[in-house]
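The next block holds one structure in the form of structure tokens; read it before the comments.
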Amino acid sequence: MPPEIFPYVSKKLNLSEAHIYGVATFYENFSLEPKGKFIFKVCDGTACHVRNSAPLLAALRKDLGLSESKKTTSDFLFTVETVSCLGACALAPVMSVNEKVHAAMTPEKTLALLEELKAEGNKPEAESCSQEASHVAG
Ligand code: FES
């Protein structure tokens with residue numbers, strides 16, 4: 006949700022721009038910055054942190070050239086964020102990619118997953134869609 010549209014949304018909803026900004030920055034489903042096709046959420050809650058979630062985050066950031074301040078790759082394929090808890094503490098350390106949760110992760114498993122997603126992300130759109138359709142069909 007780019008801030009440039011706040012005046013338009015404000016006018017259409019008859020709400021102040023400050024109200025629009027508050028909603029856009031409070032709810033995780035909104036973002037002021039564009040995100041990647043694949044959004045990694047690395048849990049850094051207590052259970053995951055004590056079971057070594059930090060190396061997972063470091064491995065992702067190093068491979069993708071990302072940092073605390075640069076969360077999305079230039080090609081908008083990947084975004085790497087941290088979250089406080091994904092609600093799967095018993096399976097720590099945990100991360101999610103889009104809506105899928107990955108449990109008991111290691112840096113090696115994380116990089117293997119990343120390579121799979123790079124291959125998937127570089128497929129032509131039509132090929133990717135037809136494979137997704139075949140998964141749905143069974
Ligand atoms: S602390 Fe990571 S899932 Fe709860």
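The sequence shown begins at 6 in the numbering used here and counts up by one. From the three backbone atoms N, C-alpha and C, an ideal C-beta is built for every residue, glycine too. Because the structure is a prediction, the values reported are computed rather than measured.
With a cutoff of 7 Å, Thr51 counts as near the ligand FES, since its C-beta is closer than that to a heavy atom of the ligand. DSSP places Val99 outside any alpha helix (DSSP H), giving it a letter other than H or E. In this structure, Leu118 is the residue among Asn127, Leu118 and Ala124 with its C-alpha nearest to the C-alpha of Phe45. Where Thr84 is concerned, the enclosing beta strand (DSSP E) starts and stops at Phe83 to Val88. Looking at the DSSP output, His107 shares a beta bridge with Met100. Closest in C-alpha terms to Thr84, from the list Gly126, Val28 and Met110, comes Gly126. Contact check for Val55 and Met100: beta-carbon distance about 16 Å, past the 8 Å limit, so the pair fails to qualify. Contact between Ser58 and Pro7 is absent: CB atoms are separated by about 31 Å, not below the 8 Å threshold. Going by C-alpha positions, Phe43 is about 24 Å away from Ala95.
Restricting attention to Tyr32, Glu38 and Glu33, the CA atom closest to the CA of Ile10 is found in Glu38.
As a beta-bridge residue in DSSP terms, Lys46 pairs with Glu86 and Ser101. DSSP links Thr77 through a beta bridge to Thr84. Here the distance from the Cβ of Leu91 to the nearest heavy atom of the ligand FES is below 7 Å.
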